[in-house]
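Peer 1: Everything in the sequence shown is counted per my numbering, starting at 1348 for the first residue and increasing by one.
Cβ atoms here follow ideal geometry from the backbone N, Cα and C, with glycine treated the same way.
Being a predicted model, the structure only gives us computed values, none of them experimental.
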Amino acid sequence: MFPKHFTPPSHTAFEALQRFSLVMEWLYNRPINWDRSTWQPRTTPRQKLTTWCFLSLIVPSFAIYAVFILLQQLVSYQKDPDVSIVMGIFIIFGSSGYTVASSAILTETLKLDELCVMLKFLRKFEAHSTQPSDLFGLFLHGLILAVIMPPLTCCTLPILAPKMNPTYLLFRNVSLISHNCKIILRSLIIFVSTLHACSELLGFAIIATNVTLTLNGCLKVGKIGDTHAKFVTCSQIISSFRRYRQLQIFNSIVNQVMSYILPVGMSLTFLCMVLMGYFLIKMTHLVPHTITFCVGSVLATLFCLAVAILPKMADVSVNSANFVRYWKLQRTSRYLSRQLKSFKCLRLDSGQFGYLKKASGAEVLSQFLYFVMSLVIMI
């Protein structure tokens, strides 16, 4: 019997990051771990990162291997008869996913200090943003379970459809290894590499979502004197301005950390979404049902991230502009007015030459439908 007044456990976005870190640290140590008592991020000694470094070498190696196979088939006059259209699509999926995961690994390697500082700022501002236990937090908790699903389903591909998986090209001409050993080795390679790639990708997705929600939450809280308040004290104004200065520093660090993974991830994720849509419409009868379920689940997850998170990321610049505009309309001293003029608009850069705008989510949806329908009609 269930209790009459059942209260579900708290599931905020930051708690999803905490629980994701607990699960990943249970598997193997990562470059950044969390102190259990204070939940402050700290770097892991290099002596404890042997497993992570080994797996981080496998993922870029397979990304290079997949890109090499694609270029070889595009450039060579005589095509490989074992590379079918289905295998070609799987190779594109693998090269795109492993490339984005490699950019995340590169970020953790070259920008480890910036990433640690960013997580410390995130931990500090998380208390001010008042994150509720809403659908965002529940969705991010679902990503924790999604880490294990693609590796488990993809490793069945060498067993159910041996000539469709990209690793079939690795050992096909090796006669010293038996057929069963080849299948076991291919499944093991796919499981290990996909598990590490998924942990990197979903980890950065949870971090990026937390950063976005925290920035928007702090900018909304910063407008203390709303229409319902009659008086705003000077200490409240100074505290709000000081917090905005801290948010400027936080925003610049976020853009530095995400300078690799965000542009690469957005472009290659869009490519994979288009191919997944075409795959689910035209090729589901050629592959096992487990692979169809995995592709459909990944497409639904990516679609939810694009539709739900991209507008929130674009709202950062909108809320920042509203924050500055709001305080310009208030009666403040000349010193505070000069300080207000020096405030820069916060925004999340999507690369070196652009940033996310309000219409980014709608553009992704329209372009996704356009390219999927174009592929279905042409091929």
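What residues in its chain sit with their C-beta under 7 Å from that of Val1406, if we drop five residues either side in the sequence?
Peer 2: The residue given as residue 1406 occupies position 59 in the sequence shown. Result list for Val1406: Tyr1445, Ala1448, Ser1449, Ile1452, Ser1540, His1543, Ala1544, in chain order.
Peer 1: Where are the alpha helix (DSSP H) runs, 4 residues long or more, that stay fully inside the segment 1626 to 1681, in chain order?
Peer 2: 1636 to 1675
Peer 1: Leaving aside the five residues before and after Val1611 along the sequence, list all residues of the same chain whose C-beta is less than 7 Å from its C-beta, in chain order.
Peer 2: Taking the sequence shown and counting its residues from 1, one reaches residue 1611 at position 264. Excluding residues within five positions, the ones whose Cβ falls inside 7 Å are Thr1446, Val1447, Ser1450.
Peer 1: Give the DSSP-derived three-state secondary structure of Thr1541 in the structure shown.
Peer 2: Translated into positions along the sequence shown, residue 1541 becomes position 194. Looking at Thr1541 - three-state DSSP - the assignment turns out to be helix.
Peer 1: Between Phe1486 and Cys1692, which are expected to be in contact by the criterion C-beta below 8 Å, what is the C-beta distance as a whole number of angstroms?
Peer 2: As a first step, residue 1486 is located in the sequence shown; it is residue number 139 there, counting from the start. As a first step, residue 1692 is located in the sequence shown; it is residue number 345 there, counting from the start. 28 Å between Cβ atoms; not a contact.
Peer 1: Taking only the alpha-carbon atoms, compute the straight-line gap between Leu1683 and Val1601 and give it to the nearest angstrom.
Peer 2: Within the sequence shown, residue 1683 is the residue found at index 336, counting from 1. Within the sequence shown, residue 1601 is the residue found at index 254, counting from 1. Taking the straight line from one Cα to the other gives about 27 Å.
Peer 1: I need the straight-line Cα distance from Ile1571 to Phe1483, nearest angstrom please.
Peer 2: Here residue 1571 is taken as the residue at index 224 of the sequence shown, counted from 1. Here residue 1483 is taken as the residue at index 136 of the sequence shown, counted from 1. Because the pLDDT of Ile1571 is 47, which lies under 50, any placement of that residue in the model is unreliable, and the number read from its coordinates should be weighed accordingly. Their backbone Cα atoms lie some 25 Å apart in a straight line.
Peer 1: What are the start and end residues of each continuous alpha helix (DSSP H) run of 4 or more residues lying completely inside the segment 1365 to 1432, in chain order?
Peer 2: Scanning the segment 1365 to 1432 from its first residue to its last, the whole alpha helix (DSSP H) runs of 4-plus residues come out as 1397 to 1422.
Peer 1: I'd like to know whether the C-beta atoms of Ser1546 and Pro1505 end up nearer to each other than 8 Å.
Peer 2: Your numbering for residue 1546 matches position 199 in the sequence shown. Your numbering for residue 1505 matches position 158 in the sequence shown. No, the Cβ-Cβ distance between Ser1546 and Pro1505 is not below 8 Å.
Peer 1: Over what stretch of residues does the alpha helix (DSSP H) that includes His1358 continue unbroken?
Peer 2: As a position in the sequence shown, residue 1358 is number 11, starting the count at 1. Careful: His1358 lies outside any alpha helix (DSSP H) and carries neither H nor E.
Peer 1: Between the C-alpha atoms of His1575 and Gln1677, what's the straight-line distance to the nearest angstrom?
Peer 2: Here the question's residue 1575 lines up with position 228 in the sequence shown. Here the question's residue 1677 lines up with position 330 in the sequence shown. Confidence is the limiting factor: at His1575 the pLDDT is only 42, short of 50, which leaves the residue's position unreliable, though a coordinate-based value still follows. Going by the C-alpha atoms only, they are around 14 Å apart.
Peer 1: On a Cα-Cα basis, can you pick out the residue from Pro1658, Met1630, Val1711 that is closest to Ile1726?
Peer 2: As a first step, residue 1726 must be located in the sequence shown, where it is residue number 379. Ile1726 has its Cα closest to that of Met1630, out of Pro1658, Met1630, Val1711.
Peer 1: With distances taken from CA atoms, which of Met1434, Leu1469, Leu1492, Phe1538 is nearest Met1371?
Peer 2: Your numbering for residue 1371 matches position 24 in the sequence shown. Checked all of Met1434, Leu1469, Leu1492, Phe1538; the closest Cα to Met1371 is Leu1492.
Peer 1: Are the beta-carbon atoms of Ser1443 and Leu1615 separated by less than 8 Å?
Peer 2: For the purposes of this step, residue 1443 is taken as residue 96 along the sequence shown, with counting starting at 1. For the purposes of this step, residue 1615 is taken as residue 268 along the sequence shown, with counting starting at 1. In contact: Ser1443 and Leu1615 (Cβ atoms closer than 8 Å).
Peer 1: Just to confirm the assignment, what range does the alpha helix (DSSP H) spanning Met1496 have?
Peer 2: As a first step, residue 1496 must be located in the sequence shown, where it is residue number 149. Met1496 -> alpha helix (DSSP H) spans 1496 to 1501.
Peer 1: Taking the beta carbon of Asp1573 as the centre, do at least 16 other beta carbons fall within 10 Å, making it buried, or is it exposed?
Peer 2: Within the sequence shown, the letter at position 226 stands for residue 1573. Low per-residue confidence applies at Asp1573: pLDDT is 47, beneath 50, and the placement is therefore not dependable, though the value from the model is reported in the following sentence. Looking at its Cβ environment, which holds fewer than 16 other Cβ atoms inside 10 Å, Asp1573 is exposed.
Peer 1: Taking the alpha-carbon of Pro1635 as reference, which of Val1433, Leu1712, Leu1374, Gln1365 has the nearest alpha-carbon?
Peer 2: Indexing the sequence shown from 1 puts residue 1635 at position 288. The option with the nearest alpha carbon to Pro1635 is Val1433.
Peer 1: For the alpha helix (DSSP H) that contains Pro1505, what are its first and last residues?
Peer 2: By one-based count along the sequence shown, residue 1505 stands at place 158. Its alpha helix (DSSP H) spans residues 1504 to 1507.
Peer 1: In whole angstroms, give me the CA-to-CA distance for Ile1638 and Val1719.
Peer 2: As a first step, residue 1638 must be located in the sequence shown, where it is residue number 291. As a first step, residue 1719 must be located in the sequence shown, where it is residue number 372. Taking the straight line joining both Cα atoms gives about 19 Å.
Peer 1: Taking the alpha helix (DSSP H) that Ser1693 belongs to, which residues open and close that run?
Peer 2: As a working note, residue 1693 is residue 346 in the sequence shown. The residue asked about is misnamed: residue 1693 is Leu in this sequence, not Ser. Per DSSP, Leu1693 belongs to no alpha helix (DSSP H) and is neither H nor E.
Peer 1: State the DSSP-derived secondary structure class of Leu1740, mapped to helix, strand or coil.
Peer 2: With the chain represented from 1348 up to 1726, any question about residue 1740 goes unanswered, as that position is not in the structure.
Peer 1: Leu1727: which of Val1464, Cys1463, Ile1536 sits nearest, CA to CA?
Peer 2: A query on residue 1727 cannot be resolved here, the shown segment of the chain reaching from 1348 to 1726 and no further.
Peer 1: Give the single residue among Leu1657, Ala1668, Ile1531, Phe1690 whose Cα lies nearest to the Cα of Gln1595.
Peer 2: In the sequence shown, the residue the question calls residue 1595 occupies position 248. Relative to the Cα of Gln1595, the nearest Cα in the group Leu1657, Ala1668, Ile1531, Phe1690 belongs to Phe1690.
Peer 1: As a quick exercise: from Phe1670, Leu1722, Gly1489, pick the residue whose alpha carbon is nearest that of Ser1644.
Peer 2: The residue given as residue 1644 occupies position 297 in the sequence shown. Of the candidates Phe1670, Leu1722, Gly1489, the one whose C-alpha sits nearest the C-alpha of Ser1644 is Gly1489.
Peer 1: Look at the alpha carbon of Gly1624 and the alpha carbon of Leu1462, and state the distance between them as a whole number of angstroms.
Peer 2: The count along the sequence shown starts at 1 and reaches residue 1624 at position 277. The count along the sequence shown starts at 1 and reaches residue 1462 at position 115. C-alpha separation (whole angstroms): 34 Å.
Peer 1: Once DSSP output is grouped into helix, strand and coil, what is the label at Val1521?
Peer 2: Numbered from its first residue, the sequence shown carries residue 1521 at position 174. Val1521: coil per DSSP, three-state reduction.
Peer 1: Quick check: Leu1649 and Val1711, are their CB atoms within less than 8 Å of each other?
Peer 2: By one-based count along the sequence shown, residue 1649 stands at place 302. By one-based count along the sequence shown, residue 1711 stands at place 364. Going by C-beta atoms, Leu1649 is not nearer than 8 Å to Val1711.
Peer 1: Leaving out five residues on either side along the sequence, give the residues of the same chain with a beta carbon under 6 Å from the beta carbon of Ile1554.
Peer 2: Taking the sequence shown and counting its residues from 1, the one referred to as residue 1554 is at position 207. Cβ within range, chain order: n/a, list empty.
Peer 1: In three-state DSSP terms, what is Ile1491?
Peer 2: Taking the sequence shown and counting its residues from 1, the one referred to as residue 1491 is at position 144. In this structure, Ile1491 counts as helix in the three-state DSSP scheme.
Peer 1: Around the C-beta of Ser1423, are 16 or more other C-beta atoms found within 10 angstroms, so that it is buried, or is it exposed?
Peer 2: Here residue 1423 is taken as the residue at index 76 of the sequence shown, counted from 1. Exposed.
Peer 1: What's the call for Ile1416, buried or exposed, on a 16-neighbour Cβ count within 10 Å?
Peer 2: Residue numbering aside, residue 1416 sits at position 69 when the sequence shown is read from its first letter. Buried: at least 16 other Cβ atoms inside 10 Å.
Peer 1: Cα-Cα, which of Arg1377, Trp1386, Gln1420 is closest to Trp1399?
Peer 2: Within the sequence shown, residue 1399 is the residue found at index 52, counting from 1. Closest option to Trp1399, Cα to Cα, is Arg1377.
Peer 1: What do you reckon, are the CB atoms on Leu1695 and Val1663 nearer than 8 Å?
Peer 2: Residue 1695 sits at position 348 when you count from the first residue of the sequence shown. Residue 1663 sits at position 316 when you count from the first residue of the sequence shown. It is a contact, given that the beta carbons lie within the stated cut-off.
Peer 1: Using the rule of at least 16 other Cβ atoms within 10 Å of the residue's Cβ for burial, across every protein chain shown, is Leu1418 buried or exposed?
Peer 2: Numbered from its first residue, the sequence shown carries residue 1418 at position 71. Flag for Leu1418 reads exposed.
Peer 1: Tell whether a beta-carbon distance below 8 Å holds between Val1642 and Leu1618.
Peer 2: As a working note, residue 1642 is residue 295 in the sequence shown. As a working note, residue 1618 is residue 271 in the sequence shown. The answer is no: Cβ separation not under 8 Å.
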